[in-house]
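Visitor:
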Amino acid sequence: MTKNHPDEMQADLRKAEWKIRTELAAAYRLVALFGWDDLVFTHLSARVPGPEHHFLINPYGLLFHEMTASSLVKVDQNGEVVEAGGLRRVNPAGFTIHSAVHMGREDAGAVMHLHAADGVAVSAHRDG
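Going by this note's numbering, the sequence shown opens with residue 3, and the numbers climb by one from there.
This is the structure:
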C-alpha cells in the first residue's frame, strides 16, 4: 500500500529522522569511548531525510560521551539552526566542512571528521 497522505509521509520522515538521530548520537559516544574525540575539532554529522537539505551536528557545550538524540542540532545548508535540543550553537568550522560534503555528495548519509592519532600519523607521511 502506497502512502499518499501528507500526514503519513511526514510521520515516516519523523521516524526516519529519529532513527538517524539515535544512530548519530551512538556514533558520538563510540568516538568518545575509543578516545577519538578532541573536543571542538572533531565532528560527525548526518543527513536528515527529506527535500530540505538539513543535517544534524553536535552543539557547542556537550562532550561526545554526553550526546543524545535529542541534543543534536538540525541545521540547513546555510548554517541556520532549524531545530535545537537546548544548545543552539554549532562550531562554524564543523558546519563549513560538513555542509560542503553533504551538498557536494548527495549520496553521503553521514560524515565523520576525526583526528585519531593513527590517522594523523598516516597523513603526516608524504604518501599518506
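Backbone N, C-alpha and C define an ideal beta-carbon position, used for all residues, glycine too.
Between the C-alpha atoms of residue 112 and residue 124, what's the straight-line distance to the nearest angstrom?
Guide: Within the sequence shown, the letter at position 110 stands for residue 112. Within the sequence shown, the letter at position 122 stands for residue 124. Distance between the alpha carbons of residue 112 and residue 124 is about 23 Å.
Visitor: Give me the Cα-Cα distance between residue 39 and residue 30, rounded to the nearest whole angstrom.
Guide: The residue given as residue 39 occupies position 37 in the sequence shown. The residue given as residue 30 occupies position 28 in the sequence shown. Residue 39 and residue 30: Cα-Cα distance of roughly 8 Å.
Visitor: Taking residue 124 as part of the beta strand (DSSP E), name the residues at either end of that continuous run.
Guide: Residue mapping note: residue 124 aligns to position 122 of the sequence shown, counting from 1. First-last for residue 124: 119-125, but that is the alpha helix (DSSP H), not the beta strand (DSSP E).
Visitor: On the CB-based measure, 16 or more other CB atoms within 10 Å of its CB, does residue 37 come out buried or exposed?
Guide: Residue mapping note: residue 37 aligns to position 35 of the sequence shown, counting from 1. Residue 37 comes out exposed.
Visitor: Determine the DSSP secondary structure at residue 114, reduced to helix, strand or coil.
Guide: Position 112 of the sequence shown, counted from the start, is the residue given in the question as residue 114. Three-state DSSP puts residue 114 in a strand.
Visitor: For residue 49 and residue 104, which I take to be in contact (beta-carbon distance under 8 Å), what is that distance rounded to the nearest angstrom?
Guide: Along the sequence shown, one-based indexing puts residue 49 at 47. Along the sequence shown, one-based indexing puts residue 104 at 102. About 6 Å separates the two Cβ atoms, so the contact holds.
Visitor: Beta-carbon within less than 6 Å of residue 22's beta-carbon, same chain only, minus the 5 sequence neighbours each way: which residues are those?
Guide: If you number the sequence shown from 1, residue 22 lands on position 20. Closer than 6 Å at the Cβ level, and outside the excluded window around residue 22, lie 48.
Visitor: Identify every run of the alpha helix (DSSP H) within the region 26-111, keeping only runs that are complete inside it and at least 4 residues long; order them along the chain.
Guide: Listed in chain order, the complete alpha helix (DSSP H) runs (minimum 4 residues) inside the region 26-111 are 94-106.
Visitor: Please state whether the Cβ-Cβ distance between residue 65 and residue 75 is less than 9 Å.
Guide: As a working note, residue 65 is residue 63 in the sequence shown. As a working note, residue 75 is residue 73 in the sequence shown. In this structure, residue 75 does not lie closer than 9 Å to residue 65 by Cβ.
Visitor: When the Cα of residue 44 is compared with those of 62, 52 and 54, which residue comes out closest?
Guide: As a working note, residue 44 is residue 42 in the sequence shown. It is 62 whose Cα lies nearest to the Cα of residue 44.
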